[in-house]
Amino acid sequence: MISAGFQLSSASNNSPFEQYSSKLPASVRGALNHTTDISSLSARFSRNGYCWLVSGQTAFVWPASSSNRITDAVIHQELKLPECALGQQANLMELFSINADDSDCCSCLVITCDGYARYWRTIVRPNDYYDVKLEFDQIEILCHFKDDICVCGSYSGRLYTIPCNALCNKAYIRPSSSSLLSSIGFGLKSMLFGTSRQMKDNEILRCLHSLKNDTSTQTTSTMNVDLISLTDKHLYFWYLAENDIQLVHSLDLQEMFAAEALQEQKLNDNNRNVSCISFSVTQETIYVLAIHHTTQDYRLMLGIFSLNHTGVQRVSMVFLENHLNIRLDEIIVKPHVRIFAVPNQPAILVHTQKDAFIYTGPDYSVLLRASFSNMHETILGSGLCGQRLLLFCHVQGLITPRGQDLMTNLLSKITNDDPYQPMINSFHAFLIRNDPGGAVDLFRRFINTIDTNQLDDIIIQFAIFIIDDPTLQETNDLTRQLAKKADIYNYYFSFLKLISVWNKLHVAHYNNGIYHTKQILQQFGEKLQCAKAFAHASQQSLYLQAAFRSTSRQNQISHISEVLTTIIVGVIEASRTIEIQSYEEATRLLLIAFDSIHKYRQEHEQESVIPSNPIDDEDFTQSIICQPWILYEQNLNDLYIRHCTTHFEQVLELCESREVRERLIQMISRLIYHILDEYRLYICDLYSDNDLNNDMEQRPWINYKQTRSLLIKLFIKLKEFSKGKQLAEEFEDYSTLIEICDELKDVEQLRIYVEQYGDKFIVIFEEYLRLKSARSVLFQEEYFDLKSVQHYLKSKTEYAWMVDIKKREYENASLSTLQQVAETIGKRQTLLAISKFALLASNYNEIRNAEAVKLRLNFIENEENLCHQRLDLLSNLDENERLKQSLISAKDMIKNLVLKKNTSQSLLQRYCSALKILSQME
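All the letters of the sequence shown, read from the start, carry residue numbers 299 to 1220 under my numbering.
Take a look at the structure:
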């Protein structure tokens, strides 16, 4: 037998629960220790602070909420319950105070499943009670409504009101000597206790909740709702008149959950059904737990609804991670699953008899689980006791969800007359009071008082309030504060979705420009994540601590870029020299910054999607895409280039250790990757593909290409070709890839690049051929095995004859040179000579028309003679200058001779030269 020692285990520090009280009545501890069938025990809590444990026909009652919860001596009462063949249950027993001002005077009502009631005016006198036989259906649930009135519900969904004073008036008091059966009074008609109301057929009643005895629930609703009931299909809202229970409103939850599931899964699966399990009400919010199931498996769904002066509205629905170890048939017929909203923190508790889970975080995506199974734990009961949520466990006793430190003083320095105060109140309702419905209602009131065109600016300003909240300056625990701020900022995103603003965000004013609101919010989150990473790293980095101290706004997260600037600039000491240790530490910190941003983007991928809606602002002509803050704020882009080039080269000159050198090269390679990746993301957002192809002169694109080439070619200079190759392939720097292949004479790799990148690569290769090293590439025979290269060279007249000669197609080479246009006399002579040599080198046996070859040779000879004639006309210049002169036609040469533009020859010589040129033309 496991002893009820009541010490909270569950790997204690990591458990989402903490001990509430280890002091239980001795008789309660005895019942827990000596009951062989733990499933026969059940417990429950009341709003007025009492706890009771039902064991057989005895109920142990004691106050659970006291000023000193651990050490106070526990005073309890033992109440004798009426006999019932089906056994007694704690959920059919209710403790309440008829007079709210007198909590010490506690009354008790017990109903058995088979229709007997026992009522104590006060539990101080346990032997003074009233027994009544009720003509009700099998009762499943009992709850206190108000004053002396309770409400019970049958398994089929029929509700009954029970005025306890009527029990006193109509019942017979049990004589002390008589047996229990003889003490039961005559059966009372149910109409004495108010008219019951039947819900729809084939529905199973799950839960009841009274809004009258719930002090945490506001009663300002104009719906005039007193009671809420949940079945497996519907949520009902009731008004209790004097002699009637009137239905005010109902929600078809089965239809709503099914529609949400279909939309979420993007498929039409008609074989899945929905069954509601449990619900919880807090403030103006209703949480409903349901299962979306087939005949074999099921998923958990959470629906959140608001109940306020405008009625009942759906707030949100999400799927929860499912770890319930319960069979499908059990959870549908009679589930032992309860859900509670955890007071004063954004979390919900879901528990079975053997396990308990806390869902928290944005969209309830974070699951905290206690290790109950390792302790063979059984949860006997749960509920709100006063304003605290408690669980009664067989082994651990009374436990409660561990409180989350969400900085309840967040934005507390904002004055009451601040225009953002209603927005702050709405956010606090969501974050601190765990009241999403109330948050939605407060925000609706707030938005009715402002110009909706200013909403995006308000959202941005409120985000700045969160990340730059002045309470950060009041603590030395910077790491904890930033961690909590990061959590709160994530909740802020969920809050914007909750109030139906997230999908309506457009653009906002920021840094003297207009940008996408979501992108600004994302950059704030990146800065917060970076500051959080720096705060953790500063504990072991004196260099970073000095950088924090030297910045003027170290407590303002929105200006974290100043710290990055200080990190880079601080590498150079006052002596203008670089220390290897300082440079390595600065590089490590920059990598931490980029890694933190990358991590944030991975975790918030959905939030970073930019809307496609255009900006409707005629006065704004600049780009609406935010420049990456980690590149452009505080002139960081230029500082990065200096750090990765000039500073890096200086450090390598000082570095004597090969191990340190390799480590630095590896770090700089990673840093350059992050820098270029930021540039690439920005360029992709800034331009569409068409823009890039049609307008290559855009300044950001040109800057990106120049920065990319400068940083990657650094590794070619260092002979670190593998790292340069990896970066060039990642960022498609084709010119660098060609240069690396040329440097390494790696023809096979060049072939792969041509096939991989296609025309884009060939275009860059064309530019490379114009460089000085183009001839070294061109006259490597192996390159001409590349079909793409051959095709390109053949398309260029100046290179076509070279390809023909390499391929030994001499006749084609001769024609190619003759067809090529020459700008100078010297080039024309060279091309004619090449054409002649190529023609002479061709195999005459393979030439079909030998006569044509003779004619072509004659043509070449005439063209050569014309070149000599042109040179003769320039006898006043030296030979080199004459070869550089422009090539003029034969007709122009004749005109020059006739018009006496050359005075070095006589008239007869000029006319003879003209006739000779004329004959050559013929």
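Cβ atoms here follow ideal geometry from the backbone N, Cα and C, with glycine treated the same way. Source: prediction; values computed, not measured.
query: DSSP three-state call for L682: helix, strand or coil?; result: strand
query: Let's see if you can read the secondary structure: which residues bound the beta strand (DSSP E) around G695?; result: G695 to P699
query: Would L1129 and Y1108 qualify as a contact pair, given that the criterion is a beta-carbon distance under 8 Å?; result: no
query: Which stretch, first to last residue, makes up the alpha helix (DSSP H) that contains M965?; result: R956 to L984
query: Between which two residues does the beta strand (DSSP E) holding A357 run?; result: T356 to P361
query: Would the stretch 733-746 and the stretch 802-818 be scored as touching if the rule is three or more Cβ pairs under 8 Å?; result: no
query: For S454, which residues from the same chain have a beta carbon less than 7 Å from its beta carbon, with the 5 sequence-adjacent residues on both sides left out?; result: D435
query: Check for me: the beta strand (DSSP E) holding M391 runs from which residue to which?; result: M391 to F394
query: How far does the beta strand (DSSP E) with N1110 in it extend, from its first residue to its last?; result: It is not in any beta strand (DSSP E) - N1110 instead sits in the alpha helix (DSSP H) that spans Y1108 to Q1117.
query: If we ignore side chains and look at the alpha-carbon of each, how far apart do S344 and H814 end up?; result: 50 Å
query: Applying the criterion that 16 or more other CB atoms from any shown protein chain within 10 Å of the CB defines a buried residue, is L887 buried or exposed?; result: buried
query: What's the gap between the Cα of H804 and the Cα of D754?; result: 7 Å
query: Please report how far the alpha carbon of L330 lies from the alpha carbon of W360, in whole angstroms.; result: 15 Å
query: So who's on the other strand from A588, going by DSSP bridges?; result: C574 and M599
query: Report buried or exposed for H332, applying the criterion of at least 16 other Cβ atoms within 10 angstroms of its Cβ.; result: exposed
query: Round the Cβ separation of L538 and L525 to the nearest angstrom and send it over; I've been treating them as touching at under 8 Å.; result: 6 Å
query: Just grab the DSSP bridge partners of G811 for me.; result: Y808
query: Nearest by alpha-carbon distance to A835: which of N809, D893 and F793 is it?; result: D893
query: Going by beta-carbon coordinates alone, are R667 and C574 separated by less than 8 Å?; result: no
query: Restricting to Cα atoms, I'd like to know which of W999, T944, K321 and I963 is closest to C982.; result: W999
query: Once the 5 residues before and after L889 are set aside, which same chain residues still bring their CB inside 8 Å of it?; result: M965, R968, L969 and H972
query: In terms of residues, what are the limits of the alpha helix (DSSP H) holding G1022?; result: F1019 to E1028
query: What's the C-alpha gap between I963 and I812?; result: 40 Å
query: Counting pairs of beta carbons, one from the stretch 440-447 and one from the stretch 382-398, are three or more of them closer than 8 Å?; result: yes
query: Quick one: grab the DSSP three-state call for N642.; result: coil
query: At a cut-off of 7 Å, would you count Q386 as near the ligand ZN, judging by its Cβ distance to the nearest heavy atom?; result: With respect to small molecules bound, the structure shown includes none, and the ligand ZN cannot be examined in it.
query: On the DSSP letters alone, give me the boundaries of the alpha helix (DSSP H) that Y662 sits inside.; result: Element bounds for Y662: n/a, residue is neither H nor E.
query: Just list the alpha helix (DSSP H) runs in the stretch 1035-1066, keeping only unbroken ones of 4 residues or longer that don't cross its boundaries, in chain order.; result: 1045-1055
query: Taking only the alpha-carbon atoms, compute the straight-line gap between G354 and K378 and give it to the nearest angstrom.; result: 9 Å
query: Are the CB atoms of L682 and T698 nearer to each other than 8 Å?; result: no
query: With a threshold of 16 other CB atoms inside 10 Å of the CB of A383, please say whether the residue is buried or exposed.; result: exposed
query: Is the distance from the Cβ of N571 to the Cβ of L598 below 8 Å?; result: no
query: Helix, strand or coil: which one does DSSP assign to F1236?; result: Since the first residue shown for the chain is 299 and the last is 1220, residue 1236 is missing from the structure and cannot be characterised.
query: What does the Cβ neighbour count give for I421, buried or exposed, with the cut at 16 atoms within 10 Å?; result: buried
query: Could you please give the first and the last residue of the uninterrupted alpha helix (DSSP H) stretch that includes P734?; result: P734 to I745
query: If you draw a straight line from the C-alpha of Q561 to the C-alpha of H902, how long is it?; result: 21 Å
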